[in-house]
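In the working numbering, the protein residues as written are 1 to 205.
Step one of this worksheet: look at the structure below.
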């Protein structure tokens, strides 16, 4: 009897300011649901998993939805270890949300492994009347900080909601060395996950 194929693991992080819609975007991708009344703030890191078959090869996605509040940054920084891809998410109806992204790119540069694939996402395009950030500004920011792709999405309406995940996975799979488990960390201040308190690894959404 043949041994079942073990799926290739791809670790993806969603980072960005609080209330940018990271959790809603993740739920739309994994479960294709949207909970309009859910205003619960992610505490620490929320973990989801999704299995895919691409070109007859199995993949296991480990999706980490990180908290946006400053008080959780010391915890979530440890989750950058071993990441293959990062979705940086902001709210197109919130100017401050967009302006904070330079700091999120800097954090990714500091803690994530070298060569990590980054995609910038402008979320909540359903808030047409409240739009505070132009799509062209998002494109310019993505180019400035080396994101391979930029897209605007709405978890509420499904508009392009799965695109950033699909683009990220395609890039990770097709980029030589992107799945190398021994990639060095770009910054020198990354937290060792093995030293992190296991009692703090839990999360709530």
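C-beta: ideal position from N, C-alpha, C; glycine also.
Check, Outcome
"Residue burial classification, residue 107 (beta-carbon count within 10 angstroms, cutoff 16)", "buried"
"Paired residues, beta bridge with residue 160 - DSSP", "Paired residues: none, contrary to the question."
"Through-space distance from residue 22 to residue 126, alpha-carbon basis", "15 Å"
"Whole runs of the beta strand (DSSP E) within the region 84-118, excluding any shorter than 3 residues", "85-91"
"The region 112-131 touching the region 145-160, judged by at least three CB pairs closer than 8 Å", "yes"
"Outcome for residue 85 when other beta-carbon atoms lying within 10 angstroms are tallied against a minimum of 16", "buried"
"Buried or exposed by the 16-neighbour rule on C-beta atoms within 10 Å, applied to residue 54", "exposed"
"Residues bridged to residue 123 (per DSSP)", "91"
"Contacts around residue 83, its chain only, beta-carbon distance under 6 Å, and the 5 residues preceding and following it disregarded", "11, 13, 112, 116"
"Unbroken alpha helix (DSSP H) run spanning residue 29, endpoints", "22-31"
"Closest by C-alpha distance to residue 168, when choosing among 46, 110, 62, 91", "62"
"Residue 89 beta carbon less than 9 Å from that of residue 173", "no"
"Buried versus exposed call for residue 28 [16 or more other C-beta atoms within 10 Å across all chains shown]", "buried"
"Beta-carbon contacts of residue 165 that lie in its chain and below 6 Å, excluding the five residues immediately before and after", "29"
"Short Cβ contact (9 Å threshold) for residue 155 with residue 52", "no"
"Length of the line joining the Cα atoms of residue 163 and residue 171", "12 Å"
"Rounded straight-line distance, which links the Cα of residue 50 to that of residue 159", "20 Å"
"Where residue 133 falls, given that 16 or more other Cβ within 10 Å makes a residue buried", "buried"
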